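Residue numbers (my numbering): 1 to 149.
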């Protein structure tokens, strides 16, 4: 049975809390399978587990969890509001999340990305066509102010 990680917007994913120290994340998940700088301007490396499918981004004076992103295609399922994110079709997932928060309809990448600022939650898929990309490829949550600032 594959592992489940429950997304709790504004709080964390599974055993990883937003705002936690890098040391606390490593204590919860073990040594990262990879650490890399996502961009040339990254202050801290991004840590990854589960074949890079579970990524943790850090910010702050001391590295603390600012954003957590999970990708489909790895040996785990992301669960949000009781729904399996990577096997629930985009329209159904957006409708369900829309019961909890308003979608940012001004996002210039809407169709590819779906952002719910009050939940600090984002989904992404490589194509904006429901037939070509019926499921999301990634889901991420950020600390308070990540999308709503």
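The C-beta atom is built at its ideal place from N, Cα and C for all residues, glycine as well.
The model shown is predicted, which means the values in this text are computed figures rather than measured ones.
Tell me which residues share the same chain as residue i and place their Cβ nearer than 6 Å to its Cβ, disregarding the 5 neighbours each side in the sequence.
i, result
"residue 111", "128"
"residue 231", "Beyond the ends of the chain as shown, which are 1 and 149, falls residue 231; an answer cannot be given."
"residue 101", "116, 118 and 119"
"residue 37", "45"
Use the C-beta contact count for residue i: other C-beta atoms within 10 angstroms, 16 or more gives buried, fewer gives exposed.
i, result
"residue 3", "exposed"
"residue 126", "exposed"
"residue 13", "buried"
"residue 130", "exposed"
"residue 9", "buried"
"residue 108", "exposed"
"residue 106", "exposed"
"residue 149", "exposed"
"residue 122", "buried"
Kindly indicate which residue of the options has the alpha-carbon position closest to the one of residue i.
i, options, result
"residue 167", "69, 121 and 33", "Here the chain has residues from 1 to 149 only, and residue 167 is not among them."
"residue 89", "103, 132 and 116", "132"
"residue 5", "148, 124, 141 and 120", "141"
"residue 18", "123, 58 and 108", "58"
"residue 35", "49, 83, 136 and 149", "49"
"residue 53", "74, 121, 123 and 30", "74"
"residue 67", "136, 16 and 124", "16"
"residue 32", "51, 143 and 39", "51"
Taking C-beta to C-beta, are residue i and residue j nearer than 8 Å?
i, j, result
"residue 76", "residue 97", "no"
"residue 114", "residue 94", "yes"
"residue 25", "residue 41", "no"
"residue 120", "residue 147", "yes"
Excluding the 5 residues preceding and the 5 following residue i in the sequence, name in chain order all residues of the same chain whose CB lies nearer than 7 Å to its CB.
i, result
"residue 20", "64 and 65"
"residue 71", "53, 137 and 138"
"residue 83", "93 and 96"
"residue 78", "5, 7, 70, 85, 86 and 139"
"residue 144", "10 and 120"
Spatial neighbours of residue i within its chain, please: C-beta separation below 8 Å, excluding the five flanking residues on both sides.
i, result
"residue 152", "Since the first and last residues shown for the chain are 1 and 149, residue 152 lies out of range."
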